[in-house]
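S.K.: Top line first, the protein sequences correspond to chains F and R. Here the first sequence stands for residues 30 to 226, where the numbers follow this note's numbering. Here the second sequence stands for residues 30 to 226, where the numbers follow this note's numbering. Each residue gets a CB set at the ideal place from its N, CA and C atoms; glycine is no exception.
There are 2 protein chains.
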Amino acid sequence: MLEPFSLEQLVQEFASLPGIGKKTARRLAYHLLQKPKQDIERFADRLKEVSIKVRPCSKCYLYTDTEICSVCCERVGAKSICVVEKPSDVLPFERSGIYQGLYFVLGGVLSPLDGVGPEKLHLTKLVKRVQEENIEELILALGSSPEAESTMLLIDRLMSDLPVKCTRLARGIPMGSDLEFVDEITMLKAFEGRNML
Amino acid sequence: MLEPFSLEQLVQEFASLPGIGKKTARRLAYHLLQKPKQDIERFADRLKEVSIKVRPCSKCYLYTDTEICSVCCERVGAKSICVVEKPSDVLPFERSGIYQGLYFVLGGVLSPLDGVGPEKLHLTKLVKRVQEENIEELILALGSSPEAESTMLLIDRLMSDLPVKCTRLARGIPMGSDLEFVDEITMLKAFEGRNML
């Protein structure tokens with residue numbers, strides 16, 4: 030194709046992002062080129078800054094540019110921890126505004142086939158934190174794959190001697206969805222978990 | 030929200046791209062953070078490289094990192110020029126492989142309301158190129174807005190004394206589209222331009 034090499038390489042970078050195909054990647058690169066030089070350079074600088082400054086919080090492994098993240102700082106003393114697999118999983122919680130407690134990023138879920146055993150997850154640190162901060166509730170928000178299920182069972186077992194209760198998010202029909210298209214397992218869980226009006 | 034400032038700024042950069050909302054932008058930034066540091070830095074470097082190296086070809090205004098772009102070099106001597114509004118408009122031609130001639134980026138279309146008069150477009154350069162290279166056909170591929178139509182009429186008039194013929198792309202029913210949903214103007218053009226089987 031007729032593109033300059035450096036442009037082609039930028040297209041490849043965009044195309045490596047999730048949900049962005051080659052065609053969209055090209056559109057984004059061409060869009061950037063129509064902007065002033067400084068805009069492209071600012072984009073580059075911000076990428077560099079993030080790669081230098083942002084790292085995992087030393088208490089909860091959320092992304093932060095300080096030693097301890099803003100959630101751990103601002104919500105110190107909270108008695109519940111929401112356990113998630115990866116940092117981006119906290120976004121829906123924060124968007125909903127329903128939750129004001131702490132978070133803890135596990136760094137994955139058990140997956141023997143991929144070589145992810147308990148030692149690869151931040152489990153020791155989680156147990157230590159629950160003990161030290163007298164946490165009363167662990168909300169296990171780890172998805173519904175078999176791997177996630179067994180990870181939640183393991184955590185529940187690890188906490189059995191501690192005065193903390195482990196809960197999980199309710200499974201059921203999502204808002205606004207058509208009953209006709211609900212899958213069997215979701216329907217099963219929604220039926221089992223039915224509530225009084 | 031709980032995000033580090035530098036991360037939030039990167040999210041804003043992604044969100045400024047066309048077709049990428051705040052939610053997708055955040056997903057992209059979080060995705061990058063899961064990758065090794067070098068990957069993010071390479072992305073930044075490639076943005077910088079593009080902003081430094083890529084500029085308009087001095088003959089046709091396509092993007093290039095050399096003085097004259099690869100199309101103008103490789104297809105020297107071709108007798109047709111496809112005139113487009115902006116560089117990305119050449120992509121569908123190149124993807125289809127149907128066209129092996131030269132291109133010329135006009136840099137816009139006439140738009141008196143936005144203050145775009147003939148002097149803002151690369152018209153003088155186009156006329157000069159047609160004369161110097163003995164171009165035989167100008168394919169005007171400028172879209173179908175009223176502004177594009179009047180720009181094509183202007184170019185046709187500018188070329189009236191030269192031995193070059195101006196053509197435009199056929200209008201009609203796009204492949205695979207359902208007749209039921211074809212709009213009136215497209216149907217009109219498709220009917221007017223009907224061919225023998």
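With respect to the alpha helix (DSSP H) encompassing residue 82 (chain F), which residues constitute its N-terminal and C-terminal limits?
M.R.: Segment 66–82, the alpha helix (DSSP H) holding residue 82 (chain F).
S.K.: Drop a sphere of 10 angstroms on the beta-carbon of residue 80 (chain F), count the other beta-carbons inside from all chains shown, and report buried for 16 or more, exposed for fewer.
M.R.: Looking at its Cβ environment, which holds 16 or more other Cβ atoms inside 10 Å, residue 80 (chain F) is buried.
S.K.: Measuring straight from C-alpha to C-alpha, what distance separates residue 49 (chain F) and residue 90 (chain R)?
M.R.: Roughly 27 Å between the two C-alpha positions.
S.K.: Tell me, which residues are paired with residue 156 (chain F) by DSSP?
M.R.: In DSSP, residue 156 (chain F) forms no bridge with anything.
S.K.: Which residues in the same chain as residue 208 (chain F) place their Cβ atom closer than 8 Å to its Cβ, once the five residues preceding and following it in sequence are excluded?
M.R.: These residues qualify, in order along the chain: 202.
S.K.: In the DSSP assignment, find the unbroken alpha helix (DSSP H) run with residue 35 (chain R) in it and report its ends.
M.R.: Its alpha helix (DSSP H) spans residues 34–44.
S.K.: Compare the Cα-Cα distances from residue 188 (chain F) to each of F:136, F:157, F:60 and F:143 and report the closest residue.
M.R.: Measuring from the Cα of residue 188 (chain F), the nearest candidate turns out to be F:157.
S.K.: Rounded to a whole number of angstroms, what is the C-alpha to C-alpha distance between residue 229 (chain F) and residue 170 (chain F)?
M.R.: Because chain F in this structure spans residues 30 to 226, residue 229 (chain F) falls outside the shown range and cannot be described.
S.K.: Which chain R residues sit within Cβ distance under 8 Å of residue 133 (chain F)?
M.R.: Ordered by position in chain R, no residue passes the 8 Å Cβ test against residue 133 (chain F), which lies about 14 Å from the chain.
S.K.: Please report the distance separating the alpha-carbon of residue 194 (chain F) from that of residue 166 (chain F).
M.R.: Rounded to the nearest angstrom, the two C-alpha atoms are 5 Å apart.
S.K.: If you measure beta-carbon to beta-carbon, which residues of the stretch 136–150 of chain F are closer than 8 Å to chain R?
M.R.: Against chain R - using a Cβ distance shorter than 8 Å - the stretch 136–150 of chain F contributes no residues.
S.K.: I need the straight-line Cα distance from residue 137 (chain R) to residue 181 (chain R), nearest angstrom please.
M.R.: Looking at the two C-alpha atoms, the distance is approximately 12 Å.
S.K.: Measure the C-alpha to C-alpha separation of residue 43 (chain F) and residue 36 (chain F) and round it to an integer number of angstroms.
M.R.: Rounded to whole angstroms, residue 43 (chain F) to residue 36 (chain F) spans 11 Å at the Cα level.
S.K.: When the cut-off is 9 Å and only beta carbons count, does residue 195 (chain R) lie next to chain F?
M.R.: No, residue 195 (chain R) lies away from the interface with chain F (no Cβ there is under 9 Å from its Cβ).
S.K.: Report buried or exposed for residue 105 (chain R), applying the criterion of at least 16 other Cβ atoms within 10 angstroms of its Cβ.
M.R.: Flag for residue 105 (chain R) reads exposed.
S.K.: Excluding sequence positions up to five away, which residues of its chain have a Cβ less than 7 Å from the Cβ of residue 101 (chain R)?
M.R.: 86, 88, 89 and 131.
S.K.: In this structure, how does DSSP classify residue 196 (chain F) when only helix, strand and coil are distinguished?
M.R.: Reduced to three states, the DSSP call for residue 196 (chain F) is strand.
S.K.: Taking 9 Å as the threshold (beta carbon to beta carbon), is residue 128 (chain F) in contact with chain R?
M.R.: Not one chain R Cβ lies under 9 Å of residue 128 (chain F).
S.K.: Please name the residue, chosen from F:213, F:212 and F:200, that lies closest to residue 223 (chain F) on a Cα-to-Cα basis.
M.R.: Looking at the Cα atoms, F:200 is the closest of the given residues.
S.K.: Quickly, what does DSSP pair residue 111 (chain R) with across the bridge? List them, please.
M.R.: R:132 and R:168.
S.K.: Flag this pair as yes or no: are the beta carbons of residue 69 (chain F) and residue 76 (chain R) separated by less than 9 Å?
M.R.: Contact: yes.
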